[in-house]
Amino acid sequence: MTIQMERRHFYQIVIQEAHQRQKTVRLLFRCDAPDERRFLRLTIIPQAD
């Protein structure tokens with residue numbers, strides 16, 4: 018399994034859990050540029066069907 022497939026699988030699980038539990042999920046992660054350290058926040062807010 019490639020890193021891209023693993024990443025996609027991870028986000029599928031996170032989205033599924035947020036939807037099933039009807040709870041907001043916040044993820045903080047690094048996304049560095051060549052000359053600076055950057056932190057990003059992803060917020061997943063479930064919506065009713």
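The sequence shown runs 18 to 66 under the working numbering.
Built from N, CA and C at the ideal position, the CB exists for glycine as well.
Could you pull the start and end residues of the alpha helix (DSSP H) that ARG58 belongs to? In the sequence shown, the residue the question calls residue 58 occupies position 41. Note, ARG58: premise wrong, no alpha helix (DSSP H); beta strand (DSSP E) at 56-61.
Just to confirm, is the Cβ distance from ILE61 to ILE32 under 7 angstroms? The sequence position of residue 61 within the sequence shown is 44, counting from 1. The sequence position of residue 32 within the sequence shown is 15, counting from 1. The answer is yes: Cβ separation under 7 angstroms.
Quick one: Cα of PHE46 to Cα of LEU57, how far? As a first step, residue 46 must be located in the sequence shown, where it is residue number 29. As a first step, residue 57 must be located in the sequence shown, where it is residue number 40. Approximately 5 angstroms between the Cα atoms of the pair.
Looking only at its chain, what residues have a beta carbon closer than 8 angstroms to the beta carbon of PRO63, apart from the 5 residues adjacent to it on each side? Residue 63 sits at position 46 when you count from the first residue of the sequence shown. Closer than 8 angstroms at Cβ, skipping near neighbours: ALA35, HIS36, ARG38, GLN39, LYS40 and THR41.
Rounded to a whole number of angstroms, what is the C-alpha to C-alpha distance between LEU74 and THR19? Given a span of 18 to 66 for the chain in the structure shown, any question on residue 74 remains unanswerable.
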